[in-house]
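Working notes, structure below.
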Amino acid sequence: QDDGVVLETERPAVKPPKRYQVVLLNDDFTPMDFVVDVLMRFFGMDEAKANAVMLAVHTQGKGVCGVYSREVAEMKVMQVNQYAREHQHPLQCEMEVV
Ligand code: NFA
């Protein structure tokens, strides 16, 4: 019978999942328009946001496209790198734990 007693453990049973930044790296060859297309296509940015992030990568060497679970971040990295390769651009996407 339910007497209203709640059992509590000493510590939380689970840790919050790690989050991963997906970052884009600058290079000297990938056209700016292609980078903007990637940011809109794979990261759901509007053109103004995509332009701002592209310019941040261009001037600062790298930039954050978004923060995701490991599974989603891995998929974004694979998709972006494959898309860049298909179009014969050296654009590189990586993930790093936050
Ligand atoms: N640096 C590239 C150029 O001048 C543009 C670029 C931006 C490439 C962001 C990669 C990432 N064409």
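Under the working numbering, the final residue of the sequence shown carries the number 516; numbering is consecutive throughout.
Cβ coordinates follow ideal geometry from the N, Cα and C atoms, glycine included.
In this text, all values refer to a predicted model and were calculated from it rather than measured experimentally.
Quick one: give me the first and last residue of the beta strand (DSSP E) that residue i is part of.
i    : result
Q439 : Y438 to L443
V453 : Element bounds for V453: not the beta strand (DSSP E) but the alpha helix (DSSP H), M450 to F461.
For residue i, I'd like the list of residues in its chain whose CB is within less than 6 Å of its CB, leaving aside the five on either flank, ordered along the chain.
i    : result
A474 : G481
K436 : V515
H476 : N444
Residue range of the alpha helix (DSSP H) that residue i falls in?
i    : result
Q497 : R488 to E504
V475 : E465 to Q478
Of the choices the options, whose alpha-carbon is the least far from that of residue i?
i    : options                   : result
G518 : Q510, E504 and K433       : The displayed coordinates of the chain run from 419 to 516. Any statement about residue 518 would go beyond what the structure contains.
R488 : R503, R429, A466 and E512 : E512
A491 : V516, R503 and Q506       : V516
L442 : V453, K436 and V432       : V453
R459 : P434, K494 and P508       : K494
Q439 : V485, A431, Q500 and H505 : V485
Which residues in the same chain as residue i place their Cβ atom closer than 7 Å to its Cβ, once the five residues preceding and following it in sequence are excluded?
i    : result
L457 : M463, A468, V471, M472 and C483
Quick one: residues in its chain with C-beta nearer than 8 Å to the C-beta of residue i, no 5 flanking neighbours on either side, listed in chain order?
i    : result
P508 : D445, F447, T448 and A502
E514 : Y438, Q439 and V441
Problem - Neighbouring residues (CB closer than 6 Å to any heavy atom of ligand 1) - result: L442, N444, D445, D446, T448, P449, M450, V453, M472, V475, H476 and L509
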